[in-house]
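Trainee:
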Amino acid sequence: MSKMRGAAAIVGIGQTPYYKRGTSPEPELKLAIRAITQAADDAGIDVRDIDGFVSYASERSDPAKLMPALGTRECSFASLVWFHGGGLPATLNIASQAIMTGQADIVAVYRSMAEGSNQRLRVIVAQDDTSSQYLVNGLDSPAQILALRAQRLMEYHGVPQSALYATVRASYYHASNNPNAYGRTVTMNDEVYEHARMISEPYRLFDCSRENDAAACILVVSAERAKDLKQKPAYILSAPMGTMEGGGALEENWRPYYATAGQTELAERLWRESGYGPKDVDVAQIYMNMNSMGIGAMVDHGFFAMEEAGAFCTFENLTAPSGKLPINTSGGDLGEGFIHGMGLIPEAVRQIRGASTNQVPGAKLSLVTGGPGDLMSSTALLGAAETL
Amino acid sequence: MAYSFEQHKISGAIGADDQFWRALEDGTFQLSRCSSCRNWTWPAHFRCGKCGSWEFEWVTLEPKGNVFTYTRSRYAFDRVLERKDDVPYVTIVAEIPEAGNVRVMGVMKGDEAGLKIGARVKGSIEPPSPKTKNYPSIRWELDL
Ligand SMILES: [Zn+2]
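These protein sequence lines are chains A and B, in that order. Per the numbering used here, the very first residue in the first sequence carries number 3; after that it's consecutive. Per the numbering used here, the very first residue in the second sequence carries number 756; after that it's consecutive.
Structure below.
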């Protein structure tokens, strides 16, 4: 168990609506301000008292731009986690450390994206971050690059298409119950799934997330302060980040892992630091920019072995309220909307509060995994007070 | 004479593989190996993480390998629109047994029947063209 275990808690959540990419009526900085002020209201905290700001990847709504509009009295800590969606749960690690070491009292963890105002996909992720070895060979998008890994997962390791479909069906089923989900009206059944166009084989359209314009924020404070606030705290039990030798910027040369998420050692640390194991988890928000990578994340976390993926990944097992491991209960990256995974943390918190639209009754341990197969990744376990 | 790829440089990678492209543009397939511990270093880098050496040799190899994985792109993606008329096209990640099974990407050429993980492939080198962003390239073809 680590010193970080239960030292800080999430006490506020804020989310703007999800808009179709490029159609947000407001620029992303304004979306960020909306999400942060909402999170403060939710927590019963004066937004001016937020003194720490943490985000990840190519976030552009930096604290310097936010402060004047939030009325920030003092920013005493600001940080960005390296890389892409892999950094998502690691933001909780950074926020916890800042609080534990007295660098900040109230940390906003947030992500804002509006394609019109920042062109993340085309410019930032793309041009600065894709090597010539990919572009020369017709590979541009994460969908194509992760398709290479999915092909290996399915053809070589034998994970069936039905496992991918189950994650899609579960996500859209959950989205249909969530009035805030962008994909809530999408009809999903065998026929729709199978007849959807291929994007990059083996990925069909619905295996891929669609990027949205939106912003989301959660507020982190010390466990002590959390007790006196409005909401039931979601304690941060562990949030390890990193990658092992054989991972990193290796242009499809990852070994020994390739087809999963590169989160095996992260998950081992997560269980060690939290004192819990995969069997204890009540509900999981699994990052699925592409769904096979999320299946890899579940393998890495020990929920099932590669050869069990077909038997484990069924609609019944993956759905709330009574599945073996309900995943992506807001609809997740596939069904709720995708802003680099940031919708996953608020939903993990709602499960602990008992406030999800697809609530797992009595959920106490709530997992959030980061961008699978990212150059570096992270994962986090949240718990109710009883789990401390 | 200046190399085509140098005039159309794509940034964003480690950036130690200039010799790979230079060799391809000269018509040979070369990969990088540590001069000291002889560990194949791919993608190429500036220092050998195994032994600490800063010296690498570029070894000319016969482009032969096995399919490690592949994808068939069925959509014209934004930054590779030069290939829109080729959609669908297959990109292969090939393992090179003679170079410690490091993996090298290339667009598939020829008949796709028999394409599967583990299939043998042989490479051929193509000169720079707009489709390859004015870089030279290696194409993988089934070697059944
Ligand atoms: Zn060496």
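The beta-carbon is built from N, C-alpha and C at its ideal position, and this holds for glycine as well.
Tell me which residues of the segment 132-144 of chain A have at least one Cβ-Cβ distance to chain B shorter than 8 Å, keeping chain order.
Mentor: Taking 8 Å as the Cβ-Cβ cut-off against chain B, the residues of the segment 132-144 of chain A that qualify are T132, S133, S134, Q135, Y136, L137, V138, N139, G140, L141, D142 and S143.
Trainee: Using a Cβ cut-off of 9 Å (strictly closer), state whether B/D781 contacts chain A.
Mentor: Residue mapping note: residue 781 of chain B aligns to position 26 of the second sequence, counting from 1. No, B/D781 does not count as interfacial toward chain A.
Trainee: Would A/F79 be called buried (16 or more neighbouring beta carbons within 10 Å of its own) or exposed?
Mentor: Here residue 79 of chain A is taken as the residue at index 77 of the first sequence, counted from 1. Buried, by the Cβ-count rule.
Trainee: Do the CB positions of A/A11 and A/I347 come within less than 9 Å of each other?
Mentor: On the first sequence, residue 11 of chain A is found 9 positions in, with the first residue counted as 1. On the first sequence, residue 347 of chain A is found 345 positions in, with the first residue counted as 1. No, Cβ-Cβ distance for A/A11 and A/I347 is not below 9 Å.
Trainee: Using a Cβ-Cβ cut-off of less than 8 Å, list which residues of the segment 817-841 of chain B approach chain A; keep chain order.
Mentor: Answer set for the segment 817-841 of chain B: F823, T824, Y825, T826, R827, S828, R829, Y830, F832, D833, R834, V835, R838 and D841.
Trainee: The alpha helix (DSSP H) with A/M300 in it runs from where to where?
Mentor: What you label residue 300 of chain A is simply residue 298 of the first sequence in a count that begins at 1. Its alpha helix (DSSP H) spans residues N293 to D302.
Trainee: Check whether the Cβ of A/I201 lies closer than 9 Å to any Cβ atom in chain B.
Mentor: Here residue 201 of chain A corresponds to residue number 199 of the first sequence, with the count starting at 1. It does: the Cβ of A/I201 has a partner Cβ on chain B nearer than 9 Å.
Trainee: Is the Cβ of A/N291 closer than 9 Å to any Cβ of chain B?
Mentor: Within the first sequence, the letter at position 289 stands for residue 291 of chain A. No, A/N291 does not count as interfacial toward chain B.
Trainee: Between A/Q129 and the rest of its own chain, which residues show a CB-CB distance below 7 Å, the 5 nearest in sequence each way excluded?
Mentor: Residue numbering aside, residue 129 of chain A sits at position 127 when the first sequence is read from its first letter. Only weak support exists for where A/Q129 lies, its pLDDT of 48 falling under 50; the value from the coordinates is given anyway. Result list for A/Q129: empty, nothing under 7 Å.
Trainee: Measuring only from the beta carbon, is B/G855 closer than 8 Å to any heavy atom that is part of ligand 1?
Mentor: In the second sequence, counting from the first residue as 1, residue 855 of chain B sits at position 100. No, since every heavy atom of ligand 1 falls outside the 8 Å radius drawn around the Cβ of B/G855.
Trainee: Please check if any C-beta of chain A sits within less than 9 Å of the C-beta of B/C803.
Mentor: Within the second sequence, residue 803 of chain B is the residue found at index 48, counting from 1. Output row for B/C803: interface = no.
Trainee: Please return the same chain residues whose Cβ sits closer than 7 Å to the Cβ of B/Y830, not counting the five positions on each side in sequence.
Mentor: Numbered from its first residue, the second sequence carries residue 830 of chain B at position 75. V842.
Trainee: Under 8 Å, with one C-beta from each stretch per pair, do the segment 216-223 of chain A and the segment 338-356 of chain A reach the 3-pair mark?
Mentor: In short, these stretches touch, since the Cβ pair count reaches three.
Trainee: Less than 9 Å between the beta carbons of B/W797 and B/V859, yes or no?
Mentor: Taking the second sequence and counting its residues from 1, the one referred to as residue 797 of chain B is at position 42. Taking the second sequence and counting its residues from 1, the one referred to as residue 859 of chain B is at position 104. Yes, the Cβ-Cβ distance between B/W797 and B/V859 is below 9 Å.
Trainee: With C-beta atoms as the reference, is A/G185 less than 9 Å away from A/L336?
Mentor: Within the first sequence, numbered from 1, the residue matching residue 185 of chain A stands at position 183. Within the first sequence, numbered from 1, the residue matching residue 336 of chain A stands at position 334. It is a contact, given that the beta carbons lie within the stated cut-off.
Trainee: For ligand 1, I want to know if A/C77 counts as a neighbour, meaning its beta carbon is within less than 8 Å of at least one of the ligand's heavy atoms.
Mentor: Sequence index remark: in the first sequence, residue 77 of chain A carries index 75 (1-based). No, the Cβ of A/C77 stays beyond 8 Å of every heavy atom of ligand 1.
Trainee: According to DSSP, simplified to helix, strand and coil, what is A/A128?
Mentor: Counting from one through the first sequence, the residue named residue 128 of chain A turns up at place 126. With a pLDDT of 49 at A/A128, under the threshold of 50, the modelled position of this residue cannot be trusted; read the value that follows with caution. In this structure, A/A128 counts as helix in the three-state DSSP scheme.
Trainee: Among A/R206, A/L82, A/C315 and A/D376, which one has its Cα closest to the Cα of A/M246?
Mentor: Taking the first sequence and counting its residues from 1, one reaches residue 246 of chain A at position 244. The shortest Cα separation from A/M246 among A/R206, A/L82, A/C315 and A/D376 belongs to A/D376.
Trainee: Closest by CA to A/D64, which one among A/T389, A/S379 and A/L33?
Mentor: Taking the first sequence and counting its residues from 1, one reaches residue 64 of chain A at position 62. If we check each option's Cα against that of A/D64, A/L33 comes out closest.
Trainee: Beta-carbon of A/R36 versus every beta-carbon of chain B: anything under 9 Å?
Mentor: As a working note, residue 36 of chain A is residue 34 in the first sequence. It does not: the Cβ of A/R36 has no partner Cβ on chain B nearer than 9 Å.
Trainee: What beta strand (DSSP E) runs, 3 residues minimum, are completely inside the segment 72-150 of chain A?
Mentor: Whole beta strand (DSSP E) segments, 3+ residues: 79-83 and 109-115.
Trainee: Quick check: does the Cβ of B/K805 come within less than 8 Å of any heavy atom belonging to ligand 1?
Mentor: Position 50 of the second sequence, counting from 1, holds the residue named residue 805 of chain B. Correct: B/K805 has its Cβ closer than 8 Å to ligand 1.
Trainee: Beta carbons nearer than 9 Å to chain A: which residues of the segment 766-777 of chain B have them?
Mentor: Listed by position, the residues of the segment 766-777 of chain B near chain A (Cβ gap below 9 Å) are S766, G767, A768, I769, G770, D772, F775 and W776.
Trainee: Rank A/T381, A/P374 and A/T359 by C-alpha distance to the C-alpha of A/S368 and give the top, closest one.
Mentor: Taking the first sequence and counting its residues from 1, the one referred to as residue 368 of chain A is at position 366. Per the Cα distances, A/T381.
Trainee: Say the cut is 8 Å; is the CB of A/C210 nearer than that to a heavy atom of ligand 1?
Mentor: Within the first sequence, numbered from 1, the residue matching residue 210 of chain A stands at position 208. No; taking the cut-off as 8 Å, the Cβ of A/C210 has no heavy atom of ligand 1 nearer than that.
Trainee: Exposed or buried, what is B/L786 when buried is set at 16 or more other beta-carbons lying within 10 Å of its beta-carbon?
Mentor: Residue numbering aside, residue 786 of chain B sits at position 31 when the second sequence is read from its first letter. It counts as buried.
Trainee: Tell me which residues share the same chain as A/E61 and place their Cβ nearer than 8 Å to its Cβ, disregarding the 5 neighbours each side in the sequence.
Mentor: Taking the first residue of the first sequence as position 1, residue 61 of chain A is located at position 59. Only L82, Y112, R113 and S114 meet the Cβ criterion.
Trainee: Name the one or two DSSP bridge partners that A/Q287 has.
Mentor: Reading the first sequence from its first residue, position 285 is the one you call residue 287 of chain A. Answer by DSSP bridge pairing, in chain order: A/V370.
Trainee: Tell me, please, which residues DSSP counts as bridged to B/V845.
Mentor: Counting from 1 along the second sequence, the entry for residue 845 of chain B is found at position 90. Per DSSP, B/R827.
Trainee: The beta strand (DSSP E) that contains B/W797, what's its start and end?
Mentor: The residue you call residue 797 of chain B lines up with position 42 of the second sequence. Here B/W797 belongs to no beta strand (DSSP E), and DSSP marks it neither H nor E.
Trainee: I need the boundaries of the alpha helix (DSSP H) containing A/F317, first residue and last residue.
Mentor: Here residue 317 of chain A refers to the residue found at position 315 of the first sequence. Counting along the chain, the alpha helix (DSSP H) containing A/F317 begins and ends at F317 to L320.
Trainee: DSSP state of A/Y278, grouped into three classes?
Mentor: Taking the first residue of the first sequence as position 1, residue 278 of chain A is located at position 276. Looking at A/Y278 - three-state DSSP - the assignment turns out to be coil, as it is neither helix nor strand.
Trainee: Here's the rule: buried if 16 or more other CB atoms are within 10 angstroms of the residue's CB, otherwise exposed. What is A/E310?
Mentor: Here residue 310 of chain A is taken as the residue at index 308 of the first sequence, counted from 1. Label assigned to A/E310: exposed.
Trainee: Less than 9 Å between the beta carbons of B/S884 and B/V862, yes or no?
Mentor: Walking along the second sequence from the start, residue 884 of chain B turns up at place 129. Walking along the second sequence from the start, residue 862 of chain B turns up at place 107. No; because the gap between Cβ atoms is not below 9 Å, this pair is not in contact.
Trainee: If I'm right that A/M295 touches A/A263 with Cβ under 8 Å, what's the distance once you round it to whole angstroms?
Mentor: Your numbering for residue 295 of chain A matches position 293 in the first sequence. Your numbering for residue 263 of chain A matches position 261 in the first sequence. So it is a contact: roughly 6 Å between Cβ atoms.
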